[in-house]
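Visitor: Residue numbers (this note's numbering), protein chains in the order written: chain A, 226 to 450; chain B, 2 to 240.
Below you can see the structure in the form of structure tokens.
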């Protein structure tokens with residue numbers, strides 16, 4: 226379970242995240258929505274200890290990410306699809322993460338298999354398509370078999386088959402009792418995947434509610450206010 | 002910490018530029034060694050094994066700044082949120098890679114010098130050969146650590162190389178030309194004390210520092226850069 230409380234962050238004069246409070250329960254897929262620049266990515270980065278909040282807390286199971294003794298076994302994160310060393314193979318990237326986290330390197334093959342990337346495992350990431358990078362990022366997040374998943378636009382670049390696969394995958398994770406937080410602009414897709422949504426605009430909470438039948442109308446009405 | 006260092010070493014091993022910089026660095030030592038024997042008739046040609054130092058420093062820069070360049074620092078920090086641990090593991094990896102480069106350079110230089118001297122019918126192992134080789138290996142490792150620490154502070158790969166270039170080829174020269182007394186305490190002066198490098202136009206007033214003190218001073222420069230990095234750069238937001 227994730228709890229965000231009074232979280233704030235300003236970049237110069239811009240209040241990227243402004244006194245944001247919401248929770249993400251276990252066993253459900255929670256969609257994280259908002260226009261570009263609404264503060265979604267900054268919120269996720271604060272949750273993961275990458276960005277230091279000006280105020281408030283972002284906790285995973287009651288602890289800050291940086292205080293978790295073995296964070297990747299608790300939280301899996303997918304952030305930017307481009308963040309790989311182009312000269313390293315997919316297997317090499319995962320291998321390095323396993324070594325750093327002290328995880329058994331046998332997890333590499335399992336994670337590659339889970340995201341259906343085994344065939345491309347020994348190719349350099351520099352030649353990967355966006356969708357393949359996204360799968361590799363997902364594999365990285367899954368290495369530690371975490372109970373909490375934080376995914377920033379995970380469907381970016383995936384082909385229709387990939388999107389279909391991701392939907393089933395996220396549903397299965399939630400059914401397994403895990404906590405899944407997914408930011409996305411794909412409202413139609415999210416309406417089919419998520420159980421509930423958190424909507425932010427200008428860094429502030431706009432709505433925190435179950436997914437309605439007509440997510441797009443709800444969203445547009447809320448962010449236009 | 003052991004797991005993080007293993008991961009850093011694995012990353013270094015799977016980075017192609019580290020390999021080719023190492024190869025070129027070691028071969029440059031061979032080149033200088035041949036010049037020392039054939040042209041300069043230098044009495045201590047084995048000390049040329051230290052001449053891969055710039056390559057070692059750039060390898061250190063790559064190992065640290067490369068993570069920022071490719072944004073892979075995000076993964077490193079997600080796995081190890083205490084960022085000072087990441088920096089320390091990286092510097093330990095720099096030391097190990099630098100040591101490997103120093104060993105390779107020493108081995109190749111030894112072969113090149115010994116073969117050339119014996120062909121010329123000269124005594125092959127005259128003087129303190131072991132001391133020269135050991136000094137070269139250690140100084141090469143220290144240069145890699147220095148590069149890594151500098152990159153931790155500067156973060157940008159090109160900027161780190163440019164800063165090092167401007168310092169070592171211009172600023173430090175001007176400084177030592179104007180105030181020769183500080184020559185033995187500058188990074189280059191301290192590193193030279195370890196490597197035993199003597200053939201240089203830079204006017205260092207008096208003798209170089211003792212080997213151990215030179216090594217300590219050079220390491221202290223790296224430590225200051227790393228400590229500054231830990232209190233400033235690495236605390237910044239990763240966006």
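We put the beta carbon where it would ideally sit given N, CA and C, even for glycine.
As the structure is a prediction and not an experimental result, all values here were calculated from the model.
May I ask you to report which of helix, strand or coil DSSP gives residue 288 of chain A?
Guide: Here residue 288 of chain A sits in strand by DSSP.
Visitor: When you compare the CB of residue 233 of chain B with every CB in chain A, is at least one pair closer than 8 Å?
Guide: No, no contact with chain A.
Visitor: Along the chain, where does the alpha helix (DSSP H) containing residue 267 of chain A start, and where does it finish?
Guide: Unbroken alpha helix (DSSP H) run through residue 267 of chain A: 265 to 272.
Visitor: Would you mind reading off the limits of the beta strand (DSSP E) that contains residue 433 of chain A?
Guide: Where residue 433 of chain A is concerned, the enclosing beta strand (DSSP E) stretches over 429 to 435.
Visitor: Could you say if the region 135 to 144 of chain B and the region 47 to 54 of chain B meet the contact criterion of at least three C-beta pairs nearer than 8 Å?
Guide: Yes, they touch.
Visitor: With H, G and I counted as helix, E and B as strand and the rest as coil, what does DSSP make of residue 233 of chain B?
Guide: In the structure shown, residue 233 of chain B sits in coil (DSSP, three-state: anything other than H, G, I, E or B).
Visitor: Tell me which same chain residues have a C-beta within less than 8 Å of the C-beta of residue 298 of chain A, skipping the five on either side of it?
Guide: Same-chain partners within the cutoff: 326, 328, 369, 370, 371.
Visitor: Measure the beta-carbon distance from residue 65 of chain B to residue 22 of chain B and round it to whole angstroms, keeping in mind my assumption that it falls under 8 Å.
Guide: Wrong, their Cβ atoms sit about 14 Å apart, outside the cutoff.
Visitor: Measuring straight from C-alpha to C-alpha, what distance separates residue 391 of chain A and residue 380 of chain A?
Guide: Distance between the alpha carbons of residue 391 of chain A and residue 380 of chain A: 7 Å.
Visitor: Report back the beta-carbon spacing between residue 69 of chain B and residue 156 of chain B to the nearest angstrom; my notes put them in contact at under 8 Å.
Guide: Right, their Cβ atoms sit about 5 Å apart.
Visitor: Can you name the start and end residues of the beta strand (DSSP E) that residue 243 of chain A belongs to?
Guide: Element bounds for residue 243 of chain A: 239 to 249.
Visitor: What's the C-alpha gap between residue 245 of chain A and residue 76 of chain B?
Guide: Going from the Cα of residue 245 of chain A to the Cα of residue 76 of chain B covers about 26 Å.
Visitor: Which residues, in chain order, does the region 293 to 304 of chain A contribute to contact with chain B at a C-beta distance below 7 Å?
Guide: Those would be 296, 297, 302, 304, in chain order.
Visitor: Could you say which of B/83, B/162, B/123, B/134 lies nearest to residue 108 of chain B if we only look at CA atoms?
Guide: Answer by Cα proximity: B/134.
Visitor: Considering Cα atoms alone, identify which of B/235, B/191, B/110, B/214 is closest to residue 28 of chain B.
Guide: It is B/110.
Visitor: What residue range is occupied by the uninterrupted alpha helix (DSSP H) comprising residue 74 of chain B?
Guide: Residue 74 of chain B -> alpha helix (DSSP H) spans 74 to 80.
Visitor: Unbroken alpha helix (DSSP H) runs of length 4 or more, entirely within the region 45 to 109 of chain B: which are they?
Guide: Counting whole runs of 4 or more residues, the region 45 to 109 of chain B contains the alpha helix (DSSP H) stretches 54 to 70, 74 to 80.
Visitor: One question on the structure: do residue 38 of chain B and residue 114 of chain B come within less than 8 Å of each other, judged by their Cβ atoms?
Guide: Yes, the pair counts as a contact, with Cβ atoms nearer than the cut-off.
Visitor: Span of the beta strand (DSSP E) holding residue 257 of chain A?
Guide: Start and end: 254 to 258.
Visitor: What residues in the region 314 to 346 of chain A have a beta carbon less than 7 Å from any beta carbon of chain B?
Guide: For the region 314 to 346 of chain A, which is checked against every Cβ of chain B, the residues closer than 7 Å are 317, 320, 321, 322, 324, 325, 326, 327.
Visitor: Return the bridge partner residues of residue 179 of chain A from the DSSP annotation.
Guide: Examination of residue 179 of chain A is not possible in this model, given that chain A is present from 226 through 450 alone.
Visitor: Nearest to residue 431 of chain A by alpha carbon, out of A/243, A/236, A/234?
Guide: Ranking A/243, A/236, A/234 by Cα distance to residue 431 of chain A puts A/243 first.
Visitor: Taking 8 Å as the cut-off, does the region 329 to 343 of chain A touch the region 272 to 284 of chain A (at least 3 CB pairs, one atom from each stretch)?
Guide: Short answer: they don't touch.
Visitor: Quick one: list the residues of chain B neighbouring residue 276 of chain A, beta-carbon separation under 8 Å, in chain order.
Guide: Residues of chain B passing the Cβ test: 238, 239, 240.
Visitor: Using only the alpha-carbon positions, how far apart do residue 312 of chain A and residue 73 of chain B sit?
Guide: Residue 312 of chain A and residue 73 of chain B: Cα-Cα distance of roughly 12 Å.
Visitor: Is residue 137 of chain B helix, strand or coil by DSSP?
Guide: Looking at residue 137 of chain B - three-state DSSP - the assignment turns out to be helix.
Visitor: Hey, does residue 512 of chain A have any beta-carbon neighbour from chain B nearer than 8 Å?
Guide: Outside the displayed span of chain A (226 to 450) sits residue 512 of chain A, for which this structure offers no information.
Visitor: Check whether the Cβ atoms of residue 161 of chain B and residue 225 of chain B sit closer than 8 Å, and answer yes or no.
Guide: Their beta carbons are not under 8 Å apart, which means residue 161 of chain B does not touch residue 225 of chain B by this criterion.
Visitor: In chain B, which residues lie with their C-beta within 8 Å of the C-beta of residue 291 of chain A?
Guide: By Cβ distance, chain B contributes 82, 83.
Visitor: Please report the straight-line C-alpha distance between residue 408 of chain A and residue 48 of chain B, rounded to a whole angstrom.
Guide: Those two C-alpha atoms are separated by around 59 Å.
Visitor: Taking the beta strand (DSSP E) that residue 424 of chain A belongs to, which residues open and close that run?
Guide: Here the beta strand (DSSP E) through residue 424 of chain A covers 421 to 426.
Visitor: Shorter than 8 Å from the beta carbon of residue 352 of chain A to some beta carbon of chain B?
Guide: With 8 Å as the cut-off, residue 352 of chain A does not count as an interface residue toward chain B.
Visitor: Along chain B, in chain order, which residues have C-beta atoms closer than 8 Å to that of residue 408 of chain A?
Guide: Near residue 408 of chain A there are no residues of chain B at all, since even the closest Cβ is about 15 Å away, more than 8 Å.
Visitor: Roughly how many angstroms lie between the CA atoms of residue 41 of chain B and residue 321 of chain A, to the nearest whole one?
Guide: Each residue's alpha carbon lies about 46 Å from the other.
Visitor: Which residue's Cα is closest to the Cα of residue 81 of chain B: B/2, B/189, B/227, B/104?
Guide: The option with the nearest alpha carbon to residue 81 of chain B is B/2.
Visitor: Would you call the CB atoms of residue 366 of chain A and residue 303 of chain A closer than 8 Å?
Guide: Yes, Cβ-Cβ distance for residue 366 of chain A and residue 303 of chain A is below 8 Å.
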